[in-house]
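Below is one structure, written out as structure tokens, with a few remarks after it.
Number of protein chains: 2
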Amino acid sequence: MSVLIVGSIGIDSVKTPFGEASDVLGGSAVYASVSSSFFNKAFIISVVGSDFPDEYMELLKSYEIDITGVEKIPGQTFRWKGYYTYELNEAKTLETQLNVLSEFDPVLPDSYRNLQDPHIFLANIDPDLQIKVLDQIKNPELVVLDTMNYWIENKPESLKEAMSKVDVMVLNDGEARELTGEPNLVKASTKIRELGPKRVIIKKGEHGALMFSDDSIFSAPAYPLEFIFDPTGAGDTFAGGLIGYLSDVHGNKEEDYRKAVIFGSAMASFVVEDFSLERMKILTWDDIKERYYQFKTLSHFELI
Amino acid sequence: MSVLIVGSIGIDSVKTPFGEASDVLGGSAVYASVSSSFFNKAFIISVVGSDFPDEYMELLKSYEIDITGVEKIPGQTFRWKGYYTYELNEAKTLETQLNVLSEFDPVLPDSYRNLQDPHIFLANIDPDLQIKVLDQIKNPELVVLDTMNYWIENKPESLKEAMSKVDVMVLNDGEARELTGEPNLVKASTKIRELGPKRVIIKKGEHGALMFSDDSIFSAPAYPLEFIFDPTGAGDTFAGGLIGYLSDVHGNKEEDYRKAVIFGSAMASFVVEDFSLERMKILTWDDIKERYYQFKTLSHFELI
Chain A
1121 MSVLIVGSIG IDSVKTPFGE ASDVLGGSAV YASVSSSFFN KAFIISVVGS
1171 DFPDEYMELL KSYEIDITGV EKIPGQTFRW KGYYTYELNE AKTLETQLNV
1221 LSEFDPVLPD SYRNLQDPHI FLANIDPDLQ IKVLDQIKNP ELVVLDTMNY
1271 WIENKPESLK EAMSKVDVMV LNDGEARELT GEPNLVKAST KIRELGPKRV
1321 IIKKGEHGAL MFSDDSIFSA PAYPLEFIFD PTGAGDTFAG GLIGYLSDVH
1371 GNKEEDYRKA VIFGSAMASF VVEDFSLERM KILTWDDIKE RYYQFKTLSH
1421 FELI
Chain B
1121 MSVLIVGSIG IDSVKTPFGE ASDVLGGSAV YASVSSSFFN KAFIISVVGS
1171 DFPDEYMELL KSYEIDITGV EKIPGQTFRW KGYYTYELNE AKTLETQLNV
1221 LSEFDPVLPD SYRNLQDPHI FLANIDPDLQ IKVLDQIKNP ELVVLDTMNY
1271 WIENKPESLK EAMSKVDVMV LNDGEARELT GEPNLVKAST KIRELGPKRV
1321 IIKKGEHGAL MFSDDSIFSA PAYPLEFIFD PTGAGDTFAG GLIGYLSDVH
1371 GNKEEDYRKA VIFGSAMASF VVEDFSLERM KILTWDDIKE RYYQFKTLSH
1421 FELI
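So the protein lines, in turn, are chains A and B. So for the first sequence, this note's numbering puts the first residue at 1121; every next one is plus one. So for the second sequence, this note's numbering puts the first residue at 1121; every next one is plus one.
Given below as structure tokens:
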């Protein structure tokens, strides 16, 4: 089993109430694949410019991530600059330079096409590109889709087509409300499921996550952190942990998904403890297991 | 065991995106005592005006609530008028008429003073009055304090004195941040506990509740409702269920508190399903037990 991830690789500059970091590694495919790699082998499809530092490529390789599908083309790498106030749930964008991402035409290398029943994560990127990647894969075991408000507003039809082709959609609460025009998240999730995905996972940042299917709702807590240094990448790290765990255990039952949501939440709770991937560099499997148990302690109560 | 509640009795007019209700029974002591009465006998200390309808007094009696401590004095009953937008977490006040509440001088009837080890809920009201009630009780088993932003802003010293005398404080996330000047809820709860209460329960509306003590954090989910007709009284109903359960089982262990938070959340999830106390009028113990189990189903996940 393996996890194939399409999304952005970028160079971020971010400022939070607790510090700042310039020209650090970022992007949806990066956060998701690093997180996923703790559970199973990850394969990235993305693009970088000729300015992309070798050390960042080496960093990805150090997680045994397959970067055969990362094309390097002339030009500048995608760049994002933003900041967070104490409202850490919402990133404020100062500047987005798509650069080489605007020319990205994802073509899967043969080695990716021949993956056995891969789990696919279509991380936040133009929905037309998400569809293009999906169309090149014969028998995906599971497809998870993420998006953002920009695509909801600017490419609603492409996004709906992408939604009709996937099993699980992950998005945050604001996006779920914007996509459906429905303030109530229970109703919003029903509307989203009517467009294709059998499951919807709504990320609520510091308030945890909700997962909806035909016959169940799961409410996952967030890990209450005293210090959140940088929320960048938390959502992609969540999704990477989720799909990484599912692919590792080859699970598709309700209880597998619930465990996957907790693993995703645990991974996200680590990545926000420092800028960029700093925390992930020293993260161990023991840390992850311990935090999983902490999520249990945090939310457990006895029956009456 | 018994629950003694001081707080307001009022006449509310409220409008939500789903309808409106005029001149209905409300007030912090009302919601808290009705909720608490499903678990144990409640005793109210409050005041009403000569206009207070007999039918509302009868309604309280129908829950076997002791209203000996409800003084009826010349003048108008406390009135609140407000509305909610789709942001159902936050009430917008159109008008507050304190009326007889401004003259309220709580003196406990002898029958209340002789209660054996009562559980006390100091519902939202002037902290000077909360202290005055507390000073008249010899051996409270447990004291729970609520407040609101108005007292944080206008009577901070009285509020701090009240906090120094109680075991548990319940407040919402916005109030916790305002009281401490600390946006992070983990840190805010530590600051609150430094002022007296050994436990702090932070209500987050549709995002559930967090309970903090010296050596534990508990994250309780909210019940995901498709229809929230009127959030008025949800916080007081939560606190009433919490203290009602604790007094009924005479519990003070971590697991008792966790169950109490779930019972409080369950009671709150019912009261918002209709205006005023309409839903509570037809609520049964079987409904409450069933919802408790639904909270378990909602939040349960297996260990790895």
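A virtual CB, placed ideally from N, CA and C, is assigned to each residue, including glycine.
Review point. Are the Cβ atoms of Glu1191(B) and Val1154(B) separated by less than 8 Å?
Key: Within the second sequence, the letter at position 71 stands for residue 1191(B). Within the second sequence, the letter at position 34 stands for residue 1154(B). A distance of 8 Å or more separates the beta carbons of Glu1191(B) and Val1154(B).
Review point. What does His1327(A) reach in chain B if we use C-beta pairs closer than 8 Å?
Key: In the first sequence, the residue the question calls residue 1327(A) occupies position 207. Proximity of chain B to His1327(A) at the Cβ level (cut-off 8 Å) is accounted for by Lys1324, His1327 and Gly1328, in chain order.
Practice item. Put Asp1406(B) into one of helix, strand or coil per three-state DSSP. Key: Against the second sequence, residue 1406(B) aligns to sequence position 286. Taken through DSSP and simplified to helix, strand or coil, Asp1406(B) comes out as helix.
Review point. Can you tell which of Ile1240(A), Asp1237(A) and Val1134(A) has its C-alpha closest to the C-alpha of Thr1204(A)?
Key: Here residue 1204(A) corresponds to residue number 84 of the first sequence, with the count starting at 1. It should be noted that the sequence gives Tyr, not Thr, for residue 1204(A). Closest by alpha carbon: Val1134(A).
Review point. Going by other Cβ atoms of all chains shown within 10 Å of its Cβ, with 16 needed for buried, is Ser1156(A) buried or exposed?
Key: As a first step, residue 1156(A) must be located in the first sequence, where it is residue number 36. Counting Cβ neighbours within 10 Å, Ser1156(A) comes out buried, since at least 16 surround it.
Point to revise | Contacting residues, own chain, Cβ-Cβ under 6 Å from Gly1195(A) (five flanking each side not counted) | key: Residue 1195(A) sits at position 75 when you count from the first residue of the first sequence. The residues are Gly1169, Asn1219 and Val1220.
**Study point:** Residue from Gly1301(B), Thr1310(B), Pro1303(B) and Lys1275(B) with nearest C-alpha to Met1289(B)
**Key:** Residue mapping note: residue 1289(B) aligns to position 169 of the second sequence, counting from 1. Ranking Gly1301(B), Thr1310(B), Pro1303(B) and Lys1275(B) by Cα distance to Met1289(B) puts Thr1310(B) first.
Review point. Are the beta-carbon atoms of Phe1383(A) and Leu1362(A) separated by less than 8 Å?
Key: As a first step, residue 1383(A) is located in the first sequence; it is residue number 263 there, counting from the start. As a first step, residue 1362(A) is located in the first sequence; it is residue number 242 there, counting from the start. The criterion of a C-beta distance shorter than 8 Å is satisfied by Phe1383(A) and Leu1362(A).
**Study point:** Spatial distance of Thr1404(A) from Met1387(A) (CA atoms)
**Key:** As a working note, residue 1404(A) is residue 284 in the first sequence. As a working note, residue 1387(A) is residue 267 in the first sequence. Using only the alpha carbons, I get a separation of about 11 Å.
Review point. Chain B beta carbons: is any one of them nearer than 8 Å to that of Tyr1412(A)?
Key: The residue given as residue 1412(A) occupies position 292 in the first sequence. Using a CB distance cut-off of 8 Å, Tyr1412(A) counts as an interface residue toward chain B.
Review point. Taking the Cβ atom as the reference point for each residue, do Leu1235(A) and Leu1254(A) lie within a distance shorter than 8 Å?
Key: Counted from its first residue, the first sequence places residue 1235(A) at position 115. Counted from its first residue, the first sequence places residue 1254(A) at position 134. No; because the gap between Cβ atoms is not below 8 Å, this pair is not in contact.
Check your understanding: What in chain B is Cβ-close to Leu1345(A), meaning under 9 Å?
Key -> Within the first sequence, numbered from 1, the residue matching residue 1345(A) stands at position 225. Identification of chain B residues near Leu1345(A) by a Cβ-Cβ cut-off of 9 Å yields Asn1304 and Val1306, ordered along the chain.
Review point. Is the beta carbon of Asp1368(A) less than 8 Å from the beta carbon of Asn1209(A)?
Key: For the purposes of this step, residue 1368(A) is taken as the residue at position 248 of the first sequence. For the purposes of this step, residue 1209(A) is taken as the residue at position 89 of the first sequence. Going by C-beta atoms, Asp1368(A) is not nearer than 8 Å to Asn1209(A).
**Study point:** Whole-angstrom distance between Pro1344(B) and Val1286(A), CA atom to CA atom
**Key:** As a first step, residue 1286(A) is located in the first sequence; it is residue number 166 there, counting from the start. As a first step, residue 1344(B) is located in the second sequence; it is residue number 224 there, counting from the start. Per the coordinates, the alpha-carbon of Val1286(A) lies some 25 Å from the alpha-carbon of Pro1344(B).
Point to revise | Bridge-paired residues (DSSP) for Asp1255(A) | key: Walking along the first sequence from the start, residue 1255(A) turns up at place 135. Answer is none; Asp1255(A) lacks a bridge partner.
Check your understanding: Near Ile1187(B), what residues of its chain come up, given a Cβ to Cβ distance below 7 Å and the 5 sequence neighbours on each side ignored?
Key -> Here residue 1187(B) refers to the residue found at position 67 of the second sequence. Answer for Ile1187(B): Ile1164, Met1177, Leu1180 and Lys1181, listed in chain order.
Check your understanding: In chain E, which residues lie with their C-beta within 7 Å of the C-beta of Lys1379(A)?
Key -> Here chain E cannot be found, since the structure's protein chains are A and B.
Practice item. Could you run through the segment 1203-1217 of chain A and flag, in chain order, every residue whose CB is less than 7 Å away from some CB of chain B? Key: Result list: Tyr1206.
Practice item. Would you mind sorting Gly1189(B) into buried or exposed? The rule is 16 or more other CB atoms within 10 Å of its CB. Key: Position 69 of the second sequence holds residue 1189(B). Buried.
Check your understanding: For the beta strand (DSSP E) that contains Met1121(A), what are its first and last residues?
Key -> Stepping through the first sequence from its first residue, residue 1121(A) is reached at position 1. In the DSSP assignment, Met1121(A) falls outside any beta strand (DSSP E), carrying neither H nor E.
Check your understanding: Do Ser1385(B) and Ala1296(B) have their C-beta atoms within less than 8 Å of each other?
Key -> The sequence position of residue 1385(B) within the second sequence is 265, counting from 1. The sequence position of residue 1296(B) within the second sequence is 176, counting from 1. Not a contact, by the Cβ cut-off of 8 Å.
Review point. Under three-state DSSP, which class holds Ser1142(A)?
Key: Looking up residue 1142(A) in the first sequence gives position 22. In the three-state reduction of the DSSP assignment, Ser1142(A) falls in the strand class.
Exercise for review: Rounded to whole angstroms, what's the CA-CA distance from Arg1313(A) to Asp1230(B)? Just pull it up for me.
Suggested key: Along the first sequence, one-based indexing puts residue 1313(A) at 193. Along the second sequence, one-based indexing puts residue 1230(B) at 110. Cα atoms of Arg1313(A) and Asp1230(B): separation of roughly 60 Å, rounded to the nearest angstrom.
Review point. Which term fits Gly1301(A), buried or exposed, when burial requires 16 or more other beta carbons within 10 angstroms of its beta carbon?
Key: By one-based count along the first sequence, residue 1301(A) stands at place 181. It counts as exposed.
Exercise for review: May I ask which residues mark the beginning and end of the beta strand (DSSP E) holding Tyr1203(B)?
Suggested key: Your numbering for residue 1203(B) matches position 83 in the second sequence. In the DSSP assignment, Tyr1203(B) falls within the unbroken beta strand (DSSP E) covering Phe1198 to Tyr1203.
Review point. Quick one: does Ser1385(B) have its CB under 8 Å from some CB of chain A?
Key: Counting from 1 along the second sequence, the entry for residue 1385(B) is found at position 265. Not closer than 8 Å to any Cβ of chain A, the Cβ of Ser1385(B) fails to qualify, so no.
Check your understanding: With 8 Å set as the bound, which would you pick, yes or no: does the beta-carbon of Pro1341(A) sit closer than that to a beta-carbon of chain B?
Key -> As a first step, residue 1341(A) must be located in the first sequence, where it is residue number 221. Nearest CB-CB separation between Pro1341(A) and chain B: below the 8 Å threshold.
Exercise for review: Output yes if chain B places a C-beta closer than 8 Å to the C-beta of Lys1275(A); else output no.
Suggested key: On the first sequence, position 155 is the one that residue 1275(A) refers to. Not one chain B Cβ lies under 8 Å of Lys1275(A).
Check your understanding: Between Ile1322(B) and Glu1298(B), which are expected to be in contact by the criterion C-beta below 8 Å, what is the C-beta distance as a whole number of angstroms?
Key -> If you number the second sequence from 1, residue 1322(B) lands on position 202. If you number the second sequence from 1, residue 1298(B) lands on position 178. No, Ile1322(B) and Glu1298(B) are not in contact; Cβ-Cβ is about 12 Å, not under 8 Å.
**Study point:** Same chain only: Cβ atoms within 6 Å of Pro1303(B), ignoring 5 sequence neighbours per side
**Key:** By one-based count along the second sequence, residue 1303(B) stands at place 183. So the qualifying residues of the chain are Arg1297.
Point to revise | Distance between beta carbons of Leu1214(A) and Ser1396(A), contact taken as under 8 Å | key: To locate residue 1396(A), count along the first sequence from 1; it is residue 276. To locate residue 1214(A), count along the first sequence from 1; it is residue 94. Not really, about 17 Å apart at Cβ, beyond 8 Å.
Point to revise | Beta-carbon proximity list for Ser1419(B), same chain, < 6 Å, skipping 5 on both sides | key: For the purposes of this step, residue 1419(B) is taken as residue 299 along the second sequence, with counting starting at 1. Counting only Cβ-Cβ distances below 6 Å, and skipping sequence neighbours, we find Pro1341.
Exercise for review: Using a threshold of 8 Å, state whether the C-beta atoms of Ile1348(B) and Val1306(B) are closer than that.
Suggested key: Translated into positions along the second sequence, residue 1348(B) becomes position 228. Translated into positions along the second sequence, residue 1306(B) becomes position 186. At least 8 Å separates the beta-carbon of Ile1348(B) from that of Val1306(B).
Exercise for review: Along the beta strand (DSSP E) that carries Asn1219(A), what are the first and last residues, could you check?
Suggested key: Taking the first sequence and counting its residues from 1, one reaches residue 1219(A) at position 99. Careful: Asn1219(A) lies outside any beta strand (DSSP E) and carries neither H nor E.
Check your understanding: Apart from the five residues just before and just after Asn1259(B), which ones in its own chain have a Cβ nearer than 6 Å to its Cβ?
Key -> Reading the second sequence from its first residue, position 139 is the one you call residue 1259(B). Here the set comprises Asp1237.
Review point. Around the C-beta of Tyr1270(A), are 16 or more other C-beta atoms found within 10 angstroms, so that it is buried, or is it exposed?
Key: Your numbering for residue 1270(A) matches position 150 in the first sequence. Label assigned to Tyr1270(A): exposed.
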